[in-house]
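Asks: Can you keep this structure in mind? I'll have questions shortly.
Numbering (my numbering), first residue to last: 235 to 511.
Given below as structure tokens:
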């Protein structure tokens, strides 16, 4: 979606406010982790991020910032993964029963009690190992494309998120275990700077650092104000193709999104310090 908006701006079809609104409202793959683990926080955060994006876009257009396209450019499409692969079908075959079990667990259905721990662990472990194998063997230069088969897109995009989530949790646990650091105490000594840190991390392209911030929030290391500042300022993977299409505007939109991110983050820090923690 963000790529389409940046391309539309470059061709003069939308204003700079649309670019700011899109990149501000985008949380990236970290949103999936938050929805899966803290749906109560996601229900609050995502509408706030969307609202801030809309208001920021309106304000930017009202002020008339960068309304004239800076450069014209062709919309380079990412490389396709290619034809439907057997490993994509295998992953979907494992993911579907896992999805059903997850829904039964979230809805606290009586049917969930009939599922044995061995079956639960077998499906989960098989899915993780197969996902790692798909991630390792996927071409580095290829991204999922709208013309790819849905099973291919599910396998590629889901496993990208899973790998980063596993990496974030391992990094956190190993750091705590082997360094002896208590991150809660360490971060509490600089609590005033945590919202700013969340916003600054949001400048980093890609979803990996944002997944790490969400992981820290889920472990109670950083407050909700840090998470929402990061959610508003980060653009996820959308920033990479946006920079390729129109680097100056993509970077300017990212910097502009830092203003509402800081306002909202420190608003929660000062006026609702314990909210959703």
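Don't be surprised by glycine CBs; every beta carbon is placed ideally from N, CA and C.
Computed from a predicted model, the values in this text were never measured in an experiment.
Determine the closest residue to residue 395 out of 431, 428, 441, with distance taken between C-alpha atoms.
Replies: To locate residue 395, count along the chain shown from 1; it is residue 161. The option with the nearest alpha carbon to residue 395 is 441.
Asks: Taking DSSP as the reference, what is the three-state secondary structure of residue 317?
Replies: Position 83 of the chain shown holds residue 317. Three-state result, residue 317: coil.
Asks: Do the region 277-288 and the region 251-265 touch if we need at least three Cβ pairs shorter than 8 Å?
Replies: Verdict: yes, contact present.
Asks: Locate the alpha helix (DSSP H) running through residue 390, then write down its first and last residues.
Replies: Position 156 of the chain shown, counted from the start, is the residue given in the question as residue 390. That run of the alpha helix (DSSP H) goes 384-413.
Asks: On the DSSP letters alone, give me the boundaries of the alpha helix (DSSP H) that residue 253 sits inside.
Replies: Taking the first residue of the chain shown as position 1, residue 253 is located at position 19. Per DSSP, residue 253 belongs to the alpha helix (DSSP H) from 250-259.
Asks: Could you pull the start and end residues of the alpha helix (DSSP H) that residue 278 belongs to?
Replies: By 1-based counting over the chain shown, the position of residue 278 is 44. Element bounds for residue 278: 273-297.
Asks: Look up residue 330 in the DSSP assignment and say whether it is helix, strand or coil.
Replies: The residue you call residue 330 lines up with position 96 of the chain shown. Here residue 330 sits in helix by DSSP.
Asks: Closest to residue 469 by CA distance: which of 240, 480, 257 is it?
Replies: Here residue 469 corresponds to residue number 235 of the chain shown, with the count starting at 1. Cα-wise, what sits closest to residue 469 is 257.
Asks: Could you tell me whether the Cβ atoms of residue 251 and residue 294 are closer together than 7 Å?
Replies: What you label residue 251 is simply residue 17 of the chain shown in a count that begins at 1. What you label residue 294 is simply residue 60 of the chain shown in a count that begins at 1. Their beta carbons are under 7 Å apart, which means residue 251 touches residue 294 by this criterion.
Asks: Label residue 443 either buried or exposed according to how many other C-beta atoms from any shown protein chain fall within 10 Å of its C-beta, with 16 as the threshold for buried.
Replies: Here residue 443 refers to the residue found at position 209 when the chain shown is read from its first residue. By the 10 Å Cβ count, residue 443 comes out buried.
Asks: Are the Cβ atoms of residue 436 and residue 464 separated by less than 7 Å?
Replies: What you label residue 436 is simply residue 202 of the chain shown in a count that begins at 1. What you label residue 464 is simply residue 230 of the chain shown in a count that begins at 1. The answer is yes: Cβ separation under 7 Å.
Asks: Would you mind sorting residue 402 into buried or exposed? The rule is 16 or more other CB atoms within 10 Å of its CB.
Replies: The count along the chain shown starts at 1 and reaches residue 402 at position 168. Buried, by the Cβ-count rule.
Asks: Any chance the region 423-436 sits against the region 450-464, with 3 or more Cβ pairs inside 8 Å?
Replies: Short answer: they touch.
Asks: Would you mind reading off the limits of the alpha helix (DSSP H) that contains residue 358?
Replies: For this step, residue 358 is matched to residue 124 along the chain shown. That run of the alpha helix (DSSP H) goes 351-371.
Asks: Restricting to Cα atoms, I'd like to know which of 452, 510, 467, 389 is closest to residue 330.
Replies: In the chain shown, counting from the first residue as 1, residue 330 sits at position 96. Of 452, 510, 467, 389, the residue nearest in Cα terms is 389.
Asks: Going by beta carbon distance, what residues of the same chain come within less than 6 Å of residue 450, once the five residues before and after it are set aside?
Replies: To locate residue 450, count along the chain shown from 1; it is residue 216. Closer than 6 Å at Cβ, skipping near neighbours: 456.
Asks: Starting from residue 504 and walking both ways along the alpha helix (DSSP H), at which residues does that stretch end?
Replies: Counting from 1 along the chain shown, the entry for residue 504 is found at position 270. Element bounds for residue 504: 481-505.
Asks: Please confirm whether residue 254 and residue 487 have their CB atoms less than 7 Å apart.
Replies: Residue 254 sits at position 20 when you count from the first residue of the chain shown. Residue 487 sits at position 253 when you count from the first residue of the chain shown. Cβ atoms of residue 254 and residue 487: closer than 7 Å.
Asks: Over what stretch of residues does the alpha helix (DSSP H) that includes residue 451 continue unbroken?
Replies: As a first step, residue 451 must be located in the chain shown, where it is residue number 217. 442-452 is the span of the alpha helix (DSSP H), which, as asked, contains residue 451.
Asks: Give a yes or no on whether the C-beta atoms belonging to residue 433 and residue 489 are separated by under 7 Å.
Replies: In the chain shown, residue 433 corresponds to position 199, counting from 1. In the chain shown, residue 489 corresponds to position 255, counting from 1. The answer is no: Cβ separation not under 7 Å.
Asks: I'd like the list of long-range same chain contacts for residue 371, defined as Cβ closer than 8 Å, with 5 residues on each side in sequence excluded.
Replies: Locating residue 371 in the chain shown gives position 137, where the first residue counts as 1. Closer than 8 Å at the Cβ level, and outside the excluded window around residue 371, lie 321.
Asks: Around the C-beta of residue 408, are 16 or more other C-beta atoms found within 10 angstroms, so that it is buried, or is it exposed?
Replies: Here residue 408 corresponds to residue number 174 of the chain shown, with the count starting at 1. Residue 408 is exposed by the Cβ-count criterion.
Asks: Return the CA-CA distance between residue 491 and residue 345, expressed in angstroms with no decimal places.
Replies: One-based indexing of the chain shown puts residue 491 at position 257. One-based indexing of the chain shown puts residue 345 at position 111. The straight-line gap from Cα to Cα measures roughly 45 Å.
Asks: Would you tell me roughly how many angstroms separate the C-alpha atoms of residue 354 and residue 335, rounded to the nearest one?
Replies: Taking the first residue of the chain shown as 1, we reach residue 354 at position 120. Taking the first residue of the chain shown as 1, we reach residue 335 at position 101. Spanning the two alpha carbons is a distance of roughly 8 Å.
Asks: Assign residue 439 to one of two classes, buried (16 or more other C-beta atoms within 10 Å of its C-beta) or exposed (fewer than that).
Replies: Counting from 1 along the chain shown, the entry for residue 439 is found at position 205. By the 10 Å Cβ count, residue 439 comes out buried.
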